[in-house]
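Here's the structure we're looking at; comments come further down.
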Amino acid sequence: MIHNDLLLRTLRGEETERTPVWMMRQAGRYLPEYMVLRGKYGFFERCQTPELACQITLQPVDIIGVDAAILFSDILVVPQAMGLEVQLIESKGPFLPDPIKTLNDLKRVRVPDVDETLGYVFDAIKMIKQELNGRVPLIGFAGSPWTLLCYMVQGKGSKTFDEAKAFCYTQPELAHQLLQMITDTTIVYLTAQVKAGADTIQLFDSWGGLLGPDDFETFSLQYMRQIITALKDIVPTILFAKGAWHSLDAMAATGAQGLGIDWCIRPEMARQFAGKNITLQGNFDPAKLLSPIPVIQKEVKAMLDAFGPGRHIANLGHGILPNVPVDHARAFVDSVKNYRHTK
Ligand code: CP3
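Quick note, the sequence shown lines up with residues 272 to 614 if you use our numbering.
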């Protein structure tokens, strides 16, 4: 049994006593406790060691008091399991030395046995569930096929992912083959996360907003739809396609219970596009956590008023920045927890 199940009840559309809150990337570099472990172990070592992943996952629950834990891992463990080398370079981000550019490159990629390649994730989930002991739900996650293709083809982070887009536009058959392989892997991977104990699943389409509406359907949404369809009867799902507000109606129609939105769309407008029967999650500008605490408090209240009561999970519109002071993160969470909608 989960004692604080506000998040799960909100996803189901039930009335709750207050709005639940968590933060994307809540287990990360703004926490001094995280930095201690970061100084001792490499990034993928932290992901692949269940004891470390468990310890890091619990940090924001204990220190900040969020209403959900999110598994400490990364979306790039899936390309790794599919046979690509992935490095994380200090202060530069992800680097894949041998990205996919041609049919020959695609031959190096496989749909893996997830127990063999990602078993450490399921072990971490089991350990986290035990440690949480029902305090709050655990969110499992994966990257969307399009967002993973971006890294697998571009080989590194980018503002435009122009090489990944060129790959899709000039070699669409290869792109669709790769997207389908990622989709098939992700369905098995996320189903196993649920079996291990994840209470809800979020799909991160961080780069969905780089595509126009038609290309978003072709290269991103049709694959996310397959994943949501495969999961929706076993677990509530949250779809977060950053910047893809033009397709909120189509995303709501996938059967996901939650939709993440960023700060570039008004909550009222997102509600209009998404319809009444889905929970919205977001949408505080992460950089606003650098404002003085009284400003954060005021802006949180404005955000909650704009979403209105029910079917809202408070969150940032993207990941928390490493330079946010811990007491500002706590002020964000506390402001949500102290707020009550007038009935
Ligand atoms: O949210 C959480 O607290 C859970 C853990 C989590 C991480 N990455 C840990 C992490 C989650 C959910 C992710 C998802 C992820 N990873 C996304 C989708 C969400 C988003 O932010 O758009 C993406 C695109 C990645 C790929 C990735 N991993 C990048 C671009 C980077 C480097 C940039 C950065 O923010 O540092 C990472 C590294 C990473 N993943 C860190 C953490 C805590 C920082 C690692 C470190 O230096 O300690």
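All C-beta atoms in this analysis are idealised placements derived from N, C-alpha and C, irrespective of residue type, glycine included.
The distance from the Cβ of Gly588 to that of Asn554 is about 4 Å, consistent with a contact at the 8 Å cut-off. In this structure, the alpha-carbon of Leu419 lies about 7 Å from that of Pro350.
Every alpha helix (DSSP H) of 4 residues or more that sits fully in the segment 482-560 is shown, in chain order, as 493-502, 519-523 and 538-545. Leu461 sits close to Leu502, with the two beta carbons spaced by under 7 Å. Judged by the Cβ position, Ser415 fails to qualify as a neighbour of the ligand CP3 at the 6 Å threshold, every heavy atom of the ligand being at least this far.
A distance below 7 Å separates the beta carbons of Trp534 and Asp556.
Residue environment: Leu374 is assigned as exposed (fewer than 16 neighbouring CB atoms within 10 Å of its CB, all protein chains considered). A straight-line Cα-Cα distance of about 38 Å links Leu445 and Ile584. Under the DSSP definition of a beta bridge, Pro365 partners with Leu359. For Gln330, the CB contacts under 8 Å within the same chain, skipping 5 residues up- and downstream, are Ala298, Leu302, Glu304 and Tyr305 in chain order. Annotation for Ile505: Val465 place their beta carbon closer than 6 Å to its own, counting only its chain and skipping 5 residues before and after.
For Asp476, the enclosing beta strand (DSSP E) starts and ends at Thr471 to Asp476. Residue range Leu409 to Gly414 is occupied by the beta strand (DSSP E) that includes Ala413. For the ligand CP3, a non-hydrogen atom lies closer than 6 Å to the CB of Arg309. Nearest in C-alpha terms to Ile399, of all of Lys372, Leu449 and Ile341, is Ile341.
The alpha-carbon separation between Tyr422 and Leu367 amounts to approximately 8 Å. Here Val307 is exposed. Its C-beta has fewer than 16 other C-beta atoms within 10 Å. Put simply, the backbone Cα of Glu286 is about 44 Å away from that of Glu361. By the C-beta density criterion, Met522 is buried, having at least 16 other C-beta atoms within 10 angstroms. Boundaries for Leu592: no alpha helix (DSSP H) harbours it, and the DSSP string shows neither H nor E there. Secondary structure at Ala298: coil, using DSSP grouped into helix, strand and coil.
CA-to-CA, the gap between Pro291 and Gln442 works out to about 43 Å. Around Phe432, the same chain offers Cys421, Gln425, Trp478 and Leu481 as residues with beta carbons nearer than 7 Å, after the five sequence neighbours per side are excluded. Taking 3 residues as the shortest admissible run, the segment 386-441 contains the following complete beta strand (DSSP E) segments, listed from N- to C-terminal end: 409-414. Looking at the DSSP output, Ala340 bridges to Leu409. In chain order, Leu367, Pro368 and Asp369 place their CB closer than 8 Å to the CB of Glu356, counting only its own chain and leaving out the 5 sequence neighbours on each side.
Following the DSSP letters along the chain, one finds Ile584 inside the beta strand (DSSP E) bounded by residues His583 to Leu587.
Per DSSP, reduced to three states, the secondary structure at Val380 is coil, with no helix or strand assignment. Between Gly405 and Ala469, the gap from beta carbon to beta carbon reaches 7 Å or more.
DSSP lists Ala585 as the bridge partner or partners of Val292.
In this structure, the straight-line span from the alpha carbon of Thr328 to that of Ala515 is close to 28 Å. Under the three-state reduction of DSSP output, Ser606 falls in the helix class.
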